[in-house]
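Colleague: The structure under discussion is supplied below as structure tokens; questions concerning it will follow.
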Amino acid sequence: MTSNLSARAARYLVLGVAALIFLVPFYLLLRGALSSEQQLVGIDHWTWFPTNPQWSNFADTFNNSTVPLARSMFNSLAIAVTQTVLVLVISGMAGYGLARSTVRYANAVFYLIVATLLIPAAVTFVPSFVMVSSLGWVSTLRGLIIPGLFQSLATFLFRQYFLGFPKELEEAARIDGAGPMRTFLSIVVPNSWGFTAAIATITFIGSWNSFLWPLVIGQDQSAWTVQVSLSTYITAQSVDLSGMFTAALVSMVPLLLMFLFLQRWIVAGVEQTGINE
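When the letters of the sequence shown are read in order and numbered with this note's numbering, they come out as residues 39 to 315.
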């Protein structure tokens, strides 16, 4: 009994220390956002928390005319939400079709999709930019959203998930007269919400944190995303540390809210390989 209590106490101690280490970057981010530029660059003494918190940093960040943070957050939110919804629709239907298709070359198509995961993003970057530029989509939301709508990894994960989905549920729907599309929408989708939510969370975070493609396509300030705006606080001529910390803290809020609401689906959904029959 004593050994079990000791082992449990040691486990909680290790987890507590790990949690504190994980929270250190967030603490530094909050501390930097509430500090003045002089407090951040000063090395005379260290304070765990600013004695005079600079709450005005948040207003100054949104009122900064050189960095349109509010517009950038709106662009990032529009891009992330649109890409997440359409990736779920496109990759979900593609994965279901590949899992249930009896066409001779269905597996060959699947292997080709998986093979694209081995291609470095740098290889397709220039052709993608040329295509978007020729369509006149530079500095537009279309150019930022459409090239990322089909994701091979999401299609692969959906296909593997639907392979384990019990076919008896689909057969029962077909007996009731439901067609393939109605079966997918009425039976498969409602029973796959956990896995779908996990893919949605991963896709949203990846889209929100995307930097290189928005940096090249969003050449006008009106098309900047939040990651591009954050990069402008550090230039060859100046470094705005307090503004960067404040903007980074604000930009983290949507991801934090989404994670808090959907965190239980991230692990459960990704680890789920199917519904138990």
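The beta-carbon is built from N, C-alpha and C at its ideal position, and this holds for glycine as well.
(1) Spatial neighbours of Val105 within its chain, please: C-beta separation below 8 Å, excluding the five flanking residues on both sides.
(2) By a C-beta neighbour count over all protein chains shown, 10 Å radius and 16 as the cutoff for buried, is Gly174 buried or exposed?
(3) Assign Gln76 to one of two classes, buried (16 or more other C-beta atoms within 10 Å of its C-beta) or exposed (fewer than that).
(4) Run through the DSSP bridge pairs and tell me what Val277 is partnered with.
(5) With DSSP collapsed to three states, give me the class of Phe203.
(6) Looking at the structure shown, is Gly256 part of a helix, part of a strand, or coil, going by DSSP?
(7) Ignoring anything shorter than 4 residues or poking outside the region 139-200, list the alpha helix (DSSP H) runs there in chain order.
(8) In whole angstroms, what separates the C-alpha of Ile117 from that of Met131?
(9) Using only the alpha-carbon positions, how far apart do Ala210 and Leu201 sit?
(10) Quick one: what does DSSP say Ala118 is sitting in, helix, strand or coil?
(11) Taking one C-beta from the region 179-197 and one from the region 139-152 each time, how about it: are there three or more such pairs within less than 8 Å?
(12) Compare the C-beta of Ser276 against all C-beta atoms of chain D and say whether one is closer than 7 Å.
(13) Considering only the alpha carbon of each residue, which of Thr239, Gly54, Ser129 lies closest to Gln301?
(14) Can we say the region 173-187 touches the region 242-256, given the rule of at least three CB pairs closer than 8 Å?
(15) Could you tell me which of Leu67, Ala216, Asn102, Arg212 sits nearest to Gln259, measuring between CA atoms?
(16) In the structure shown, what three-state DSSP assignment does Ser248 receive?
(17) Unbroken alpha helix (DSSP H) runs of length 4 or more, entirely within the region 203-237: which are they?
(18) Specify the secondary structure class of Gly312 as computed by DSSP and reduced to three states.
(19) Which residues in the same chain have their Cβ closer than 7 Å to the Cβ of Ala71, if we skip the five residues on either side of it in sequence?
(20) Per DSSP, what kind of secondary structure is Thr85 in: helix, strand or coil?
(21) Compare the Cα-Cα distances from Ile255 to each of Ser172, Asp278, Ser230 and report the closest residue.
(22) Can you tell me the Cα-Cα spacing of Leu61 and Ala160, whole angstroms?
(23) Which class does Thr239 belong to by DSSP, given the choice of helix, strand or coil?
(24) Helix, strand or coil for Ser74, going by three-state DSSP, please let me know.
(25) Is Ile237 buried or exposed, if buried means 16 or more other CB atoms sit within 10 Å of its CB?
(26) Could you pull out every residue in the same chain whose Cβ sits closer than 6 Å to the Cβ of Asn314, ignoring the five residues on either side in sequence?
(27) Report yes if the C-beta distance between Ile225 and Leu207 is below 7 Å; otherwise report no.
(28) Under the rule that 16 or more other beta-carbon atoms within 10 Å means buried, what is Ser139, buried or exposed?
Modeller: Quick look at the numbers:
(1) Thr99, Ser267, Thr270, Tyr271, Gly281, Ala285
(2) exposed
(3) By the 16-neighbour rule on beta-carbons within 10 angstroms, Gln76 is exposed.
(4) Ile272
(5) Three-state DSSP puts Phe203 in coil, outside helix and strand.
(6) coil
(7) 144-153, 159-172, 179-183
(8) 21 Å
(9) So the alpha carbons of these two residues sit roughly 17 Å apart.
(10) helix
(11) yes
(12) In the structure shown, chain D does not exist; there is a single protein chain.
(13) Per the Cα distances, Thr239.
(14) yes
(15) Asn102
(16) Secondary structure at Ser248: coil, using DSSP grouped into helix, strand and coil.
(17) 205-213, 218-221
(18) Because Gly312 carries a pLDDT of 42, less than 50, the predicted location of this residue cannot be relied on, and no value is offered for it.
(19) Asn95, Phe283, Thr284, Leu287
(20) coil
(21) Ser172
(22) 33 Å
(23) helix
(24) coil
(25) buried
(26) In this prediction, Asn314 has a pLDDT of 43, which is less than 50 and means its spatial position is unreliable; what the coordinates show is noted afterwards. For Asn314, where only same-chain residues beyond five positions count, there are no Cβ hits under 6 Å.
(27) Yes. Within cutoff.
(28) exposed
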